[in-house]
Amino acid sequence: MKGLITIEKLKLKVTIDRPIGYIDDYNNCYPLNYGYISGIIGGDGEAQDAYIISKNAMMPLNTFEGELIAIITRNDDIETKWVVSDVGASYSVNEIADKVNFLEKYFDSSIELIQ
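In terms of this note's numbering, the sequence shown opens at residue 1 and continues consecutively.
As structure tokens, then:
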């Protein structure tokens, strides 16, 4: 199920712990920056995870500041993943799905856009 959530877009700072090019223990290579948001606890009891989708962040980063544009709910997991992008940027559900498929293909996920 894919939908739309109407809430205020949060301005967030993401600490990148898996930069572009990172290879995880399952041999997944990250084509985008991925990290966490300090001070917000996710479903696993750890800091909330976030994918960074940005035309201005096509190199490995240490941090990224932007706004929440989507929430990915993993229906077969306890976590949600947030999608953070440049302020004012917008992506379709399909564009986001294409960019996060390298990991989300292993889960039953749905994407909700923040408007």
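All residues carry an ideal CB built from backbone N, CA and C; glycine is no exception. Quantities reported herein were computed from a predicted structural model and do not represent experimental measurements.
Check whether the Cβ atoms of P19 and N33 sit closer than 8 Å, and answer yes or no.
Contact annotation: P19 and N33 have beta-carbon atoms nearer than 8 Å.
Tell me the DSSP bridge mates of E65?
The bridge partners DSSP lists for E65 are K13.
Pull the bridge partners of Y51 from the DSSP assignment, please.
Answer is Y34, V83.
Using three-state DSSP, classify A89 as helix, strand or coil.
Of the three classes helix, strand and coil, the one that applies to A89 here is coil, per DSSP.
How about A57 and F64: are their beta carbons less than 8 Å apart?
For the pair A57 and F64, the CB atoms are nearer than the 8 Å cut-off.
Around the C-beta of D24, are 16 or more other C-beta atoms found within 10 angstroms, so that it is buried, or is it exposed?
Under this definition D24 is an exposed residue.
Strand pairing of A70, partner residues [DSSP]
Answer is V83, L113, bridged to A70.
7 Å Cβ shell around I53 - same chain, five flanking residues per side excluded:
Apart from the 5 residues on each side of it in sequence, I53 sits with its Cβ closer than 7 Å to the Cβ of L32, V83, S85, Y91, I96, K99 in its chain, given in chain order.
Is DSSP giving R18 helix, strand or coil here?
In this structure, R18 counts as strand in the three-state DSSP scheme.
Environment of I16 [buried if 16+ CB atoms lie within 10 Å]
Buried.
Would you report the Cα separation of D108 and A89, rounded to the nearest angstrom?
Whole-angstrom Cα-Cα distance: 26 Å.
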